[in-house]
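What follows is one structure encoded as C-alpha cells, with my remarks underneath.
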Amino acid sequence: MALLHMKAVTQHVFGPPDVLQISDVPRPQPLPTEVLVRVHAAGVNPIDWKTRAGHGLPGIGEPPFILGWDVSGVVEEVGFGVHTLRVGDEVYGMPWFPRQAGGYAEYVTAPARQFAAKPTTLDHEHAAAVPLAALTARQALADAARITPGQRVLVHAAAGGVGHLAVQVAKHMGAHVIATARAANHDWLRDLGADELIDYTEGSFEEAVNDIDVVLDLVGDATDRTSIRSLDTLRPGGLIIPIPGASAELIAEAGRRSLTVTPFLVEPDGVALANLARIIDAGELHVEVQKILPLAHAPAAHVQGEQGHNKGKLVLRVVD
1 MALLHMKAVT
11 QHVFGPPDVL
21 QISDVPRPQP
31 LPTEVLVRVH
41 AAGVNPIDWK
51 TRAGHGLPGI
61 GEPPFILGWD
71 VSGVVEEVGF
81 GVHTLRVGDE
91 VYGMPWFPRQ
101 AGGYAEYVTA
111 PARQFAAKPT
121 TLDHEHAAAV
131 PLAALTARQA
141 LADAARITPG
151 QRVLVHAAAG
161 GVGHLAVQVA
171 KHMGAHVIAT
181 ARAANHDWLR
191 DLGADELIDY
201 TEGSFEEAVN
211 DIDVVLDLVG
221 DATDRTSIRS
231 LDTLRPGGLI
241 IPIPGASAEL
251 IAEAGRRSLT
261 VTPFLVEPDG
271 VALANLARII
281 DAGELHVEVQ
291 KILPLAHAPA
301 AHVQGEQGHN
311 KGKLVLRVVD
C-alpha cells in the first residue's frame, strides 16, 4: 500500500519563528485504541513558541518535530478497540501533552479517550482554542486548588488564553474573582465574571489587593517577579499556583511564610473536555479568539504570540 502524506509545520532546529516551515510528511496511522483525526484548526499556545526556541518541556525531545497540542477536527479512522468515537464525529482535544502530538498538521493520531465531542455551538477554530487553556484553568482551580464558593481568587494575565477562561471557571465555581489586566480589557473581563479588576501598569498589584486564598499566576518571575510579589497578597495558609513554573526562591520564600506553592502541569482529559463542552454549549463559558491565521502562517502566529498582550487565543486554520 502506498504511503500516505500530509502537510505539516515542521522544524529541524531550535530557533526563531522562521525555523517553522511547511513540509510534506508521512500521515500517521492509528494504533489500537487510537483515532485518526483530520485537523480543521489548531490552537497556538505559549508552550509552542517556548518549545520551538528550545525552552519547552523535555517530553517532546530534539528536532525534527511538529509542534501543537490543541486540535479540533473530524474522526477519519478508528483503530481496533475504539468504542467511544466513530468516523465522522467532530472532536476536539489536547492529545499526548507533554509528548509530541503534532497538532500543526492535517492529521493527528491519539488515544480516543483523549478527545471529546466538539462543542456544538463552536466552529472548529474556536473549539481548537479551548483544550489546553481550559484544561489548565479547570485542573489548576478545581483539582489542584480545590477552590470553594466564596474564596478569593487572584488571576494574573487574565486577558490571555488561559486567563480569560480561568476567570470564568473560578466564577462558575462560586469564587470571588480578582483579575489583573490592562485597563482596556477591564469591561470585557467584568462581563466574563471578574468581580474586581487591577491595572498592573498603574501601580503594584500587591498594594491593591490582599486576603487572597488562591493565586493563579500565568506570568511568572522571569520579568517582574510576579509570583514572588503575589505572596504578599495571600492570606495566612494561602496557595499560589505558578503556571510557568515554581522557582526555588518562590518555594523557599513561601515556606518561610507558611504559604503553599503547588507546581502544576496540565494533562489530557477527555472526560473534562466533555464537561467543558456542556458548559460552553449552555452559554456559561466563552472562548475568545483574537486572530485566525492559515497553517502556513505559523511563524507569524508565533511572532504575534511572543509579543504578548494578546486577548484570548491565536488559532491556525488547517482546512479552508
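Here full-length UniProt numbering is used: the first residue of the sequence shown is 1, the next is one more, and so on.
Even for Gly, the Cβ is constructed at its ideal location relative to N, Cα and C.
Spatial neighbours of residue i in its chain, beta-carbon cut-off 6 Å, leaving aside the 5 residues before and after
i: P244; result: G220
i: S230; result: V215, D217 and I240
i: A133; result: G161, V162 and L165
i: A63; result: Note on residue identity: the sequence assigns Pro, not Ala, to residue 63. Correct list, in chain order: Q11, H12 and V13.
i: K50; result: G56
i: V169; result: A137, R138 and L141
Status (buried if at least 16 other CB within 10 Å, exposed otherwise) for residue i
i: M1; result: The predicted model places M1 with a pLDDT of 49, which falls under 50 and marks its position as unreliable; any figure quoted below should be read in that light. It counts as exposed.
i: G61; result: exposed
i: E202; result: exposed
i: R138; result: buried
i: P119; result: buried
i: R152; result: buried
i: L57; result: exposed
i: L122; result: buried
i: residue 355; result: Residue numbering for the chain in the displayed model covers 1 to 320; residue 355 lies beyond these limits and cannot be assessed.
i: D48; result: buried
i: E34; result: buried
i: L3; result: exposed
i: R52; result: buried
i: V87; result: exposed
i: A181; result: buried
Cross-strand partners of residue i (DSSP beta bridge)
i: Q11; result: F65
i: I22; result: V9
i: G97; result: Looking at the sequence itself, residue 97 is Phe, so the reference to Gly does not match. In the DSSP output, where bridge partners are listed per residue, F97 has none listed.
i: T223; result: Answer is none; T223 lacks a bridge partner.
i: D70; result: G43
i: V35; result: V78 and A110
i: Y92; result: S72 and A116
i: D212; result: A quick correction: the sequence has Ile, not Asp, at residue 212. Answer is L234, bridged to I212.
i: V261; result: I240
Proximity of residue i and residue j at Cβ, strictly below 9 Å
i: H164; j: T226; result: no
i: V303; j: E125; result: no
i: L85; j: A112; result: yes
i: D269; j: G238; result: no
i: G68; j: V44; result: yes
i: R317; j: H5; result: no
i: V71; j: A116; result: no
i: A159; j: H309; result: yes
i: T109; j: P30; result: yes
i: L20; j: G79; result: no
i: L273; j: M94; result: yes
i: T262; j: A175; result: no
i: E253; j: I279; result: no
i: P26; j: A300; result: no
Extent of the continuous beta strand (DSSP E) to which residue i belongs
i: R290; result: The sequence given here has Gln at residue 290, not Arg. From DSSP, the beta strand (DSSP E) with Q290 extends over V289 to P294.
i: K313; result: K313 to R317
i: P111; result: Y107 to P111
i: R152; result: R152 to V155
i: I147; result: I147 -> no beta strand (DSSP E), and no H or E assigned at all.
i: L197; result: E196 to I198
i: A116; result: F115 to A117
i: V162; result: It is not in any beta strand (DSSP E) - V162 instead sits in the alpha helix (DSSP H) that spans G161 to H172.
Boundaries (first-last residue) of the alpha helix (DSSP H) holding residue i
i: E207; result: F205 to A208
i: G51; result: The question names Gly, but residue 51 is Thr in the sequence shown. Element bounds for T51: P46 to R52.
i: G238; result: Run containing G238: none in the alpha helix (DSSP H); it sits in the beta strand (DSSP E), L234 to P242.
i: T180; result: No alpha helix (DSSP H) contains T180, which is instead part of the beta strand (DSSP E) from H176 to T180.
i: Q139; result: Taken as a continuous stretch (DSSP letters only), Q139 belongs to no alpha helix (DSSP H), as it is neither H nor E.
i: I60; result: I60 -> no alpha helix (DSSP H), and no H or E assigned at all.
i: R86; result: Taken as a continuous stretch (DSSP letters only), R86 belongs to no alpha helix (DSSP H), as it is neither H nor E.
Same chain only: Cβ atoms within 7 Å of residue i, ignoring 5 sequence neighbours per side
i: S23; result: A8 and T10
i: G73; result: V37, R38, V39, H40, V91 and H124
i: I292; result: E125, V315 and R317
8 Å Cβ shell around residue i - same chain, five flanking residues per side excluded
i: Q307; result: none
i: P209; result: Just to set this straight, residue 209 is Val in the shown sequence, not Pro. Excluding sequence neighbours, V209 sits near L154, I178, E196, I198 and T233.
i: G312; result: A129, A159, G160, G161, H164, V287, E288, V289 and Q290
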